[in-house]
Structure formats: structure tokens, C-alpha cells
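Protein chains: 2
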Amino acid sequence: MPGSSSQVSIEKKHEISGFTLEKTVKLMKLTFSRILLMHQYVDVTVDQWVVMHILCKHQQLSQQELGELTFKDAPTITRIIDLLVQKGLVIRSTDEKDRRRFMIKLTIEGIEKYRFIEPIVQEFRAEAYAGISVDELLMLQNTLNKIFVNLSKQN
Amino acid sequence: MPGSSSQVSIEKKHEISGFTLEKTVKLMKLTFSRILLMHQYVDVTVDQWVVMHILCKHQQLSQQELGELTFKDAPTITRIIDLLVQKGLVIRSTDEKDRRRFMIKLTIEGIEKYRFIEPIVQEFRAEAYAGISVDELLMLQNTLNKIFVNLSKQN
DNA sequence: TGCATATTATTAGTATACTAATTAATTAGA
DNA sequence: TCTAATTAATTAGTATACTAATAATATGCA
Chain A
75 MPGSSSQVSI
85 EKKHEISGFT
95 LEKTVKLMKL
105 TFSRILLMHQ
115 YVDVTVDQWV
125 VMHILCKHQQ
135 LSQQELGELT
145 FKDAPTITRI
155 IDLLVQKGLV
165 IRSTDEKDRR
175 RFMIKLTIEG
185 IEKYRFIEPI
195 VQEFRAEAYA
205 GISVDELLML
215 QNTLNKIFVN
225 LSKQN
Chain B
75 MPGSSSQVSI
85 EKKHEISGFT
95 LEKTVKLMKL
105 TFSRILLMHQ
115 YVDVTVDQWV
125 VMHILCKHQQ
135 LSQQELGELT
145 FKDAPTITRI
155 IDLLVQKGLV
165 IRSTDEKDRR
175 RFMIKLTIEG
185 IEKYRFIEPI
195 VQEFRAEAYA
205 GISVDELLML
215 QNTLNKIFVN
225 LSKQN
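Quick note, the sequences are listed as chains A and B, same order. Start counting the first sequence at 75; every next residue gets the next number (the numbering used here). Start counting the second sequence at 75; every next residue gets the next number (the numbering used here).
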């Protein structure tokens, strides 16, 4: 019975909650965080590193741009930048064209620290994705993007 | 050249960071949280609801068991339970067999509230997973589990 | 041109996540 | 039986996420 089959599929579909997604992300972040902690030279958190990663890629960005690219809200960006400034890893300077805006960039020390951490990240990813083919990871990416797009329509 | 092909695949694999995973989870949680906020009767956060969900499924659990099943750490469980007790949604009672342990269960009100929220969750999931087949979601689940298992070996 | 509206960053408050430490209770082993 | 080791929950501290509000600045429109 086609209707019965469809009903079963819908119920099966709804069993798959965000729980698996969330706990996997949590474990990834937790593991990566612990790996960072093992290096004495490393004094940045996972999220601080994410910000540094984006800055290294783009050279200089406003806090707003940073927030968009890292998918973090403004107050959180402000706080992360505050901490990175304290650690001497980024510089916050005013934008000549807009006095409300700050431009953020990595210091020399920030770039060096980023470069030190990068291979650690690669190592971590190799472990996380061990035994998973590129095709499978691309499919994962694809499905996640579908979910993201679905929910972006809501916001 | 076989070596060259292998090298390209490895590089491609390492571009896929946890970023897509994390931002999707964040958007899911954020969207769900906003949907909950739209209902006046609902005064629980996403994470509080997750705890209630597990309690409804298992009737009564220790805090430790709750933490394991929700993948949350002990201090966080303590705080969430504190808030749920304040809201009159769960009861915390001592375990007769072990005086260090508390047993947690939903109140009548807690069960009612859970029942009220459940269809909201289903609705949310339907939106998040729109246009995604059951097979694709199962593959998603499968890949996530592989990552989880990979990293569980580290901890 | 002037003012209403929008924007950028910050502050404050609440909730959650993680580490470290502590206390009281339980377990394991000599 | 006694004690060292382990366990369950809590407290404290730091970091991040989200909402709401605010002040200063920029933009849009009459």
C-alpha cells in the first residue's frame, strides 16, 4: 500500500533529530579543543582560532563581516576580538570612511600562531574523517547545505 | 598519475571543515529556539526540552544517566535540572540505594508541557528536512556516526 | 537641508559548555 | 575491617550564544 509506505517513511524521517548532528559537532569541538590544549604555545580557543582563520584568509575585515563569515553574533564577535586583542594576536583600528566601524587584522604574532596551529587542524580533520571517502563527505556537505537553506528561509 | 590523484583527493577532503556542520547545527537550534519563543505557553529552552524529552522516554533517571543520554556534562545537567525544578517541570528525589545520587522525573505539568511541545518539534523537523529523502538522511546519520566513532577513540 | 530610519559596536542579562576543584558517599582491595 | 581509590553532584571560573537595549554614526527621503 503506497500510502502506508509513505506514512512509514515520514515517521522514520522524523526520528532523525538534530541530536546526532549536535553531539557530533560537540565532540568535534571538544576533541579539537583538547588537542589545542596539549600544545603549550597555543593559547587560543577553538572559536578564537576560527576568527583567526577567517582573518588570515581575508587580511582585514570589519567586525560585522567577521560575524557573517564565522556565523557568530555581534556581541560574541566583540568579546572574541577583545580577547584576541588582549593576547596581541589581532589589531582593531578605526575605519576612515565610517566612524562606527572597526577594521580587524592579525598581528605578525597572530599570523605566526595561526601558521603553527594550521597543521594541527589538518591532523585533527584527518582523524575525524578517517575511513570516510571524499564522495561521502561531499554528500554530507550537500545535505547539510540543504538543511541550512531550508532554515534560512525562516530567518 | 595515481599519486597525483590521491594527493588531490586528500586536499579536497581537508577543505571540508567542521564549519558547515557547526553552522547548520547552530541554525537548527536557533530556529527551533525562536519557534518555541513564539508560543506563550512554552517557557523552556531547547536544551531544557532535550532533557525533558529523555525523561519522558525513560520515566526516571539519575543526573549522571541524563548527562550520558543527552551528551551534556555534569555541571550543565545540574544547572538545567535546577531551572526545570524551579519551573515545576521536574522533581529531584534522593536514591534510596545511593545517597550521592538523585533521581529525576517529570512532573504532571512537565509531561503536559512536553506533550504540548512535541508536535512543534515535528513541525520544525519537517521544515528542516523538506526536500531531503529518507535515504539521504540515513546516509547523513551514518556519516555523522562514523565521525563520532572516530573521535570517541580519542576520548 | 533636516529629520526619521537604519546601522555598527557595545553592554547587560540569561543560558549553556568546558575545566578544575571540592565534598560526601560508595566501592575495592589488602 | 580499614583505608585508598572511585564516584555523584556541586561550585567556581572562563568562554560562547542569544535577546534586548543603547549610543553614536550613517543613510534615505521629504
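Heads up, the beta-carbon is just placed ideally off N, CA and C, and yes, glycines get one too.
- Per DSSP, the unbroken alpha helix (DSSP H) holding residue 152/A starts and ends at 148-160.
- Here residue 179/A carries a strand assignment [DSSP, helix/strand/coil].
- In this structure the stretch 176-184 of chain A touches the stretch 149-165 of chain A; the number of beta carbon pairs closer than 8 Å is three or more.
- Neighbourhood of residue 152/A in chain B, by CB distance below 7 Å: empty, with the nearest CB roughly 18 Å away.
- Cβ neighbours of residue 107/A within its own chain (closer than 6 Å, five residues either side excluded): 120.
- Around the beta carbon of residue 112/A, fewer than 16 other beta carbons sit within 10 angstroms, so the residue counts as exposed.
- Taking the Cα positions, residue 204/B is about 12 Å away from residue 226/A.
- Burial of residue 224/B is indicated by the presence of at least 16 other C-beta atoms within 10 angstroms of its C-beta.
- At a cut-off of 7 Å, the C-beta of residue 102/B has a neighbouring C-beta in chain A.
- Taking every protein chain shown into account, the CB of residue 142/A has fewer than 16 other CB atoms within 10 angstroms, so this residue is exposed.
- Contact with chain A is absent for residue 194/B, since none of that chain's Cβ atoms lies less than 7 Å from the residue's Cβ.
- The continuous beta strand (DSSP E) containing residue 169/A extends over residues 164-169.
- Under a criterion of Cβ atoms nearer than 9 Å, the residues of chain B adjacent to residue 97/A are, in order, 144, 145, 218, 222.
- Selection 97/A, 126/A, 96/A, 105/A evaluated against residue 189/A yields 126/A as nearest (Cα-Cα).
- By the C-beta criterion, the stretch 192-208 of chain A is judged not to be in contact with the stretch 151-159 of chain A, since fewer than 3 inter-stretch pairs fall below 8 Å.
- Residues of chain B whose Cβ lies closer than 7 Å to the Cβ of residue 139/A do not exist, since the nearest Cβ in that chain is about 16 Å away.
- Closer than 9 Å at the C-beta level to chain A, one finds these residues of the stretch 200-213 of chain B: 200, 201, 202, 203, 204, 205, 206, 207, 208, 210, 211, 212, 213.
- Cβ neighbours of residue 136/A within its own chain (closer than 8 Å, five residues either side excluded): 169, 175, 176, 177, 178.
- Under the 7 Å criterion on CB atoms, residue 122/A is classed as non-interfacial with respect to chain B.
- The C-alpha of residue 97/B lies about 15 Å from the C-alpha of residue 101/A.
- The continuous alpha helix (DSSP H) containing residue 226/B extends over residues 208-226.
- Linking residue 116/B to residue 122/A through their CA atoms gives a straight-line distance of about 34 Å.
- CA-to-CA, the gap between residue 167/B and residue 215/A works out to about 44 Å.
- Beta-bridge partners assigned by DSSP to residue 136/A: 177/A.
- Under the Cβ distance rule, residue 94/A counts among the residues neighbouring chain B, one pair being separated by less than 7 Å.
- Using beta-carbon distances, residue 215/B counts as an interface residue toward chain A, with a partner under 7 Å.
- A direct Cα-Cα distance of roughly 39 Å separates residue 196/A from residue 118/B.
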